[in-house]
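**Q** Numbering (our numbering), first residue to last: 6 to 236.
1) When DSSP labels each residue in this structure, what does residue 119 get in the three-state scheme?
2) Given a threshold of 16 other Cβ atoms within 10 Å of its Cβ, counted over all protein chains shown, does residue 222 qualify as buried or as exposed?
3) Residue 232: which of 226, 177, 86 sits nearest, CA to CA?
4) Quick check on DSSP: helix, strand or coil for residue 54?
5) Would you decide whether residue 41 is buried or exposed? Buried here means 16 or more other CB atoms lie within 10 Å of its CB.
6) Where residue 13 and residue 161 are concerned, what is the direct C-alpha to C-alpha distance, given to the nearest angstrom?
7) Residue 119: buried (16+ other C-beta within 10 angstroms of its C-beta) or exposed?
8) On the premise that residue 156 lies in contact with residue 227, defined as a C-beta separation below 8 Å, what is that separation, rounded to the nearest angstrom?
9) To which residues of the same chain is residue 22 closer than 6 Å at the C-beta, ignoring the five residues directly before and after it?
10) First and last residue of the alpha helix (DSSP H) that includes residue 214?
11) Check this for me: beta carbons of residue 106 and residue 85, under 8 Å apart or not?
12) For residue 231, name the three-state secondary structure that DSSP assigns.
13) Hey, would you say residue 82 sits closer than 8 Å to residue 15, going by beta carbons?
14) Is DSSP giving residue 46 helix, strand or coil here?
15) In whole angstroms, what is the alpha-carbon distance linking residue 149 and residue 31?
16) Sort 69, 101, 172, 122 by Cα distance to residue 216 and report the nearest one.
17) Return the first residue and the last residue of the alpha helix (DSSP H) that residue 163 is part of.
18) Hey, quick one: how far does the beta strand (DSSP E) through residue 37 stretch, first residue to last?
19) Here's a check: name, in chain order, each residue in its chain whose Cβ is nearer than 6 Å to the Cβ of residue 169, leaving out the five neighbours to either side.
20) Residue 236 by DSSP, collapsed to three states: which one?
21) Since residue 108 sits in a beta bridge, which residues does DSSP pair it with?
22) Beta strand (DSSP E) containing residue 142: first to last residue?
23) Measuring only the C-alpha atoms, how far is residue 94 from residue 103?
24) Under a Cβ-count criterion, where at least 16 other Cβ atoms within 10 Å of its own Cβ denotes burial, should residue 255 be classed as buried or exposed?
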């Protein structure tokens, strides 16, 4: 599956595996974005540009779009998980969750879309989750609301720009196996259908497909990759 593209990818979590997948399949350039310098420094150096950026920084996003005007794949996978009951959630926690999980995608799409259209098309891949947006998870109503909003944003963008050659899809994975997500392991291992959490590489391969021309007829779709959790 060849991907001869120039793309912007967020490094956190699934983002790193996606960077590696894109490079493996021939991406001309990957602009890797993260607020964490150490994570960026862990990436390969060839065909990778590292950019330290807070995704809540609208001016920083505008500058990034100016610096890289020929991006044809945008992979929005930044996100934070707020875990508490609604009645114990402060206004600031709600606002911050939406700023990081939803508004950042709005800002990136708004800045990069005109450039993609001028190039004749492109692919936008937005990361949501099966957790809360497709299936209720206790104490995650704020997180679920942000992920449901991402699905709505993605479908709306797909409708508005289908005639411009823009494909816009959303990926909804179950939690990813890592040494640091013991809570996710406890919650989701109640799913005995497949008996394990997802691997970052498995989700990255789906994103690779959506970035490539092999997904040329896919837009406005929700791709669930959860090992049968939502069955």
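All residues carry an ideal CB built from backbone N, CA and C; glycine is no exception. Bear in mind that the values here come from a model prediction, so they are computed numbers and not experimental data.
**A** Inspection of the coordinates gives the following:
1) helix
2) Counting Cβ neighbours within 10 Å, residue 222 comes out exposed, since fewer than 16 surround it.
3) 177
4) Residue 54 falls in the strand class under three-state DSSP.
5) exposed
6) The straight-line gap from Cα to Cα measures roughly 21 Å.
7) If you draw a 10 Å sphere on the C-beta of residue 119, you find fewer than 16 other C-beta atoms in it, and that means exposed.
8) 6 Å
9) Take residue 22, set aside five residues on each side of it, and the residues of its chain with a beta-carbon closer than 6 Å to its own are 205, 206, 209, in chain order.
10) Run containing residue 214: 205-216, per the alpha helix (DSSP H) assignment.
11) yes
12) In the displayed model, residue 231 falls within coil according to three-state DSSP, outside both helix and strand.
13) yes
14) helix
15) 35 Å
16) 172
17) Per DSSP, the unbroken alpha helix (DSSP H) holding residue 163 starts and ends at 146-166.
18) 34-39
19) 122
20) coil
21) Paired residues: none, contrary to the question.
22) Run containing residue 142: none; DSSP gives neither H nor E here.
23) 13 Å
24) The structure shown has nothing for residue 255, since the chain only spans 6 to 236.
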